[in-house]
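**Student:** Handing you this structure, nothing more for now.
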Amino acid sequence: GIRKIDLVVVNLYPFRDAVAKGGDFAHCIENIDIGGPAMIRASAKNNAYVSIVSSPSQYKQLMDQMRENDGCTTLAFRKNLAAAAYALTSAYDSAVSQWMAEQVTEPPPTKTVAFQVERPLKYGCNPHQLPAGLCSVNGGKLPFEVISGTPGYINLLDAVNAWQLVFELAKATGKPAAASFKHVSPAGAAIGVPLSESEVEVYEVKGKPLTPVATAYVRARNADPMCSFGDFVAVSHEVDVATASILKIEVSDGIIAPGFEPEALEILKAKKGGKFIVLQADNDFVFPDMEYRMVGGLGFMQKRNGKICDAECLKKIPTKLKELPEQAKLDMLLGMIAIKYTQSNSVGYSKDGMMIGVGAGQQSRVDCVKLAGRKVATWRLRFHPKVMGLKFKDGVKRQDRVNARVRYIEGDMDDAEYQQWVSNFDNAPEPLTAQEKSEFLAALSDITIASDAFFPFRDSIDHAQKLGVKYVTQPGGSNADEEVIKACDTYGMTMAFTDLRLFHH
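Going by our numbering, the sequence shown opens with residue 109, and the numbers climb by one from there.
Next up, the structure:
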C-alpha cells in the first residue's frame, strides 16, 4: 500500500511571469496552477505530521533539520513551513484574482494586495513603532536597489516621492532635475539652468565644476537650505563627480538616482563613514496603476495620480495678459510638479528653474501663500549686499553660516540668542533694517506661483503680488474665479487655469 507522506515539495506554475511577459488570456489561464496550491494547503493543514516545502530558499533549512533530527523535522519547523505555505498560496491567489479582475466587465468588490517583506527596517515613523519593513507589492520588484547605507522608514517615503517628482520633472522639461525632501515634502526642487555669478557666490559653489546635473542639485538645495539640513536628495540623471563632490560637503541623509559614475559612487559611499544612503532607481519601473493604504483600521484605494503636467495644461489663460515666455512655462511646470508631490494644501513660488518657496500642509490656502512667501523673501535677501558681505570667523561650519545668514535676515533675536549668533563673527555686523529689506524685495520680478487647488479668494493674489509674482498657475473652478482673474488683471499677471487639482496626502 501507499506509505504515509511526511514531506511535500511544490513549485507553483510561474503565473506572474506569464502575465509580466504579456501573455494572452489563454496562456495566462494555462499558467494558473490548480493541483499545486491544493497540495500545499492540504500539507500545511497537516503540519503536525507533514513538512510542506514551498520555496527553494527553504531547501537548506530542510536538510539541516533532517541531519539534526535523524531524518525528521521538528513541529516548530513544520509550523513555520506551514505559515510560509499559506502566505505563498494567498499571494499567488491574490495575483490571479487581480489579473482576472482586469479581464472582466464587473470586477469583484474584494481587493487583495500581497506585501512581501524585502528588508526589515529599524523602526517605523518613531522608534516605538515596531515591527517595520520595506515590502514589494504583489510579487513585483522594488523601484530601486539599496547600494549603500541603511535606509529608514521616513527616508524611503522621501526617496520614493522625490524620485517620482524628478522623474516627471525631467520628462516635462527635457532638463536634469533634482529635489531636496524632508518629511515627505520638497524643501526645494529645480532643473539644470545655469547659475548667475551672484548665485554661484551665495550658494557657495565658487570654483566648483557645475554640470547641468550639479546645477540642478545646487538650486534644489538652496531654495531653503535651512530646511534642507538632513534632507533626502533625488536626481533624475546619472550622478557625476561634480554633483557628488558638492553633495559630499552638505548635511544630508541619502540620495536616489538612476545611476552613478564609478568615482561619484565611491565619494558618496564614503560619506558619513559609510552610513550615507545610496539608492539606485530603476528608470524602467512602471508604477502600479492602483494605490492601496490602511489608516485607523480602514482600507483605502485610489488610482495613482499619473496625470502628466505638461505644456498642454497651460493653454487655458483667462486673464487679459496672455503672453507666457519659455522661462515662465518652465517655471510653471516646475511649480505644478513640485506641489504635486507636496503635502496639501500647498503653494509654491518658482523662478529661473528653481522653487524659491514651498508652503506645505496648511489648512488655509492664503496661509500657504504667506508661508511660502516668507521663504521667498529669505531666499531673495540672501543676495542683499549686507548678507553677502557678512564676515565670518575662520572655522565657522557651512551649515552654521547658512543658519546665521537666515537669522540675520529674520532679525528677531533676543539677547541670549544674539550673543550666541554674534560669536560667529570677529566684529558684530550692522543690522539689516526693515527699510533695507523692503527696498531690496521691491526689485523681485517675474516670479511664478503654483497652487495645488483653486484660490477661493483674491487674498492670495493680493499677497503674491508683493513678492513680484507675474505668472500664476492653478486649477480654477472656484466661485471666486472672476474675482481672482480681476485681481490678476489689476496687477498685470498672466494666469493659466489647468483644470487639474493636485492634492497630495
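Beta carbons: idealized from backbone N, C-alpha and C, even for Gly. The model shown is predicted, which means the values in this text are computed figures rather than measured ones.
Which residues mark the beginning and the end of the beta strand (DSSP E) in which I299 is found?
**Tutor:** 293 to 299 is the extent of the beta strand (DSSP E) around I299.
**Student:** Within the continuous alpha helix (DSSP H) that includes R473, where are the two ends?
**Tutor:** 473 to 489
**Student:** Less than 7 Å between the beta carbons of T581 and M440, yes or no?
**Tutor:** yes
**Student:** State the start and end residues of the unbroken beta strand (DSSP E) segment that holds A604.
**Tutor:** Note, A604: beta strand (DSSP E), 602 to 605.
**Student:** Relative to the alpha-carbon of P251, which residue among N154, K415, P396 has its alpha-carbon at the smallest distance?
**Tutor:** Measuring from the Cα of P251, the nearest candidate turns out to be P396.
**Student:** Checking 7 Å against the spacing of the C-beta atoms, do D339 and K290 come in under that value?
**Tutor:** Yes, they are a contact pair.
**Student:** Kindly provide the ranges of any beta strand (DSSP E) runs that are 3 or more residues long and lie completely inside the stretch 540 to 574, ordered along the chain.
**Tutor:** Uninterrupted beta strand (DSSP E) stretches at least 3 residues long and entirely within the stretch 540 to 574 occur at 555 to 559, given in chain order.
**Student:** Which runs of the beta strand (DSSP E) spanning at least 3 residues fall entirely within the stretch 247 to 275, listed in chain order?
**Tutor:** Unbroken beta strand (DSSP E) stretches of 3 residues or longer found wholly inside the stretch 247 to 275: 252 to 256, given in chain order.
**Student:** With a 10 Å radius around its C-beta and 16 neighbouring C-beta atoms as the bar for buried, classify V504 as buried or exposed.
**Tutor:** By the 16-neighbour rule on beta-carbons within 10 angstroms, V504 is exposed.
**Student:** Which one of A536, K316, V455 has the shortest CA to CA distance from F562?
**Tutor:** Of the listed residues, the one whose Cα sits closest to F562 is V455.
**Student:** Is the stretch 358 to 376 close to the stretch 292 to 304, with three or more CB pairs under 8 Å?
**Tutor:** Segments in contact, no.
**Student:** Evaluate contact between the stretch 536 to 554 and the stretch 484 to 499, counting only Cβ atoms and requiring at least three cross-stretch pairs below 8 Å.
**Tutor:** yes
**Student:** Is it true that the CB of T598 sits closer than 7 Å to the CB of Y579?
**Tutor:** no
**Student:** Would you tell me roughly how many angstroms separate the C-alpha atoms of S304 and D201, rounded to the nearest one?
**Tutor:** 58 Å
**Student:** Under the rule that 16 or more other beta-carbon atoms within 10 Å means buried, what is P294, buried or exposed?
**Tutor:** buried
**Student:** Spatial neighbours of T486 within its chain, please: CB distance less than 7 Å, with the 5 preceding and 5 following residues excluded, ordered by chain position.
**Tutor:** V514, I517
**Student:** With DSSP as the reference, label I593 as helix, strand or coil.
**Tutor:** helix
**Student:** Alpha carbon to alpha carbon, how far is Y526 from K574?
**Tutor:** Approximately 29 Å, taken between the alpha carbons.
**Student:** Rounded to whole angstroms, what's the CA-CA distance from I416 to K249? Just pull it up for me.
**Tutor:** 24 Å
**Student:** Measuring straight from C-alpha to C-alpha, what distance separates Q435 and V343?
**Tutor:** 21 Å
**Student:** Taking the continuous alpha helix (DSSP H) assigned at Y526, which residues delimit it?
**Tutor:** 523 to 530
**Student:** Where does V341 land, buried or exposed, given buried means 16+ other C-beta within 10 angstroms?
**Tutor:** Buried, because 16 or more other Cβ atoms sit within 10 Å of the Cβ of V341.
**Student:** Starting from the Cα of V349, find the closest Cα among S360, D361, E369, C335 and give me that residue.
**Tutor:** With distances taken between Cα atoms, V349 lies closest to E369.
**Student:** Cα-Cα, which of I137, S256, G443 is closest to A629?
**Tutor:** Shown here, the chain extends from 109 to 613; a query on residue 629 therefore has no answer.
**Student:** Using alpha carbons as the reference points, say which of K545, K594, F611 lies closest to A653.
**Tutor:** Outside the displayed span of the chain (109 to 613) sits residue 653, for which this structure offers no information.
**Student:** Name the residue from D390, A146, A512 whose alpha carbon lies nearest to the alpha carbon of N119.
**Tutor:** For the options D390, A146, A512, the alpha carbon positioned closest to that of N119 is the one of A146.
**Student:** Helix or strand or just coil, what does DSSP make of D397?
**Tutor:** coil
**Student:** For the putative contact between F605 and P366, defined by C-beta atoms under 8 Å, what is the C-beta separation to the nearest angstrom?
**Tutor:** Under the criterion of beta carbons closer than 8 Å, F605 and P366 do not qualify as touching, at roughly 34 Å.
**Student:** Mind pulling the alpha helix (DSSP H) runs of 4 or more residues that sit fully within the stretch 154 to 216?
**Tutor:** 167 to 176, 183 to 209
**Student:** How many Å lie between Y157 and R401 at the Cα?
**Tutor:** Cα atoms of Y157 and R401: separation of roughly 38 Å, rounded to the nearest angstrom.
**Student:** Kindly indicate the opening and closing residues of the alpha helix (DSSP H) around V118.
**Tutor:** Run containing V118: none; DSSP gives neither H nor E here.
**Student:** So, are the CB atoms of L438 and T281 less than 7 Å apart?
**Tutor:** yes
**Student:** Can you tell me which of A199, P320, A468 puts its alpha carbon nearest to the alpha carbon of K219?
**Tutor:** Ranking the options by Cα distance to K219, first place goes to A199.
**Student:** For N139 versus A128, is the C-beta spacing smaller than 7 Å?
**Tutor:** no
**Student:** C243 bridges to which residues according to DSSP?
**Tutor:** V225
**Student:** For G481, which residues of its own chain have a beta-carbon under 8 Å away from its beta-carbon, when the five flanking residues on both sides are left out?
**Tutor:** Y457, G465, G467, H571, A572, K574, L575
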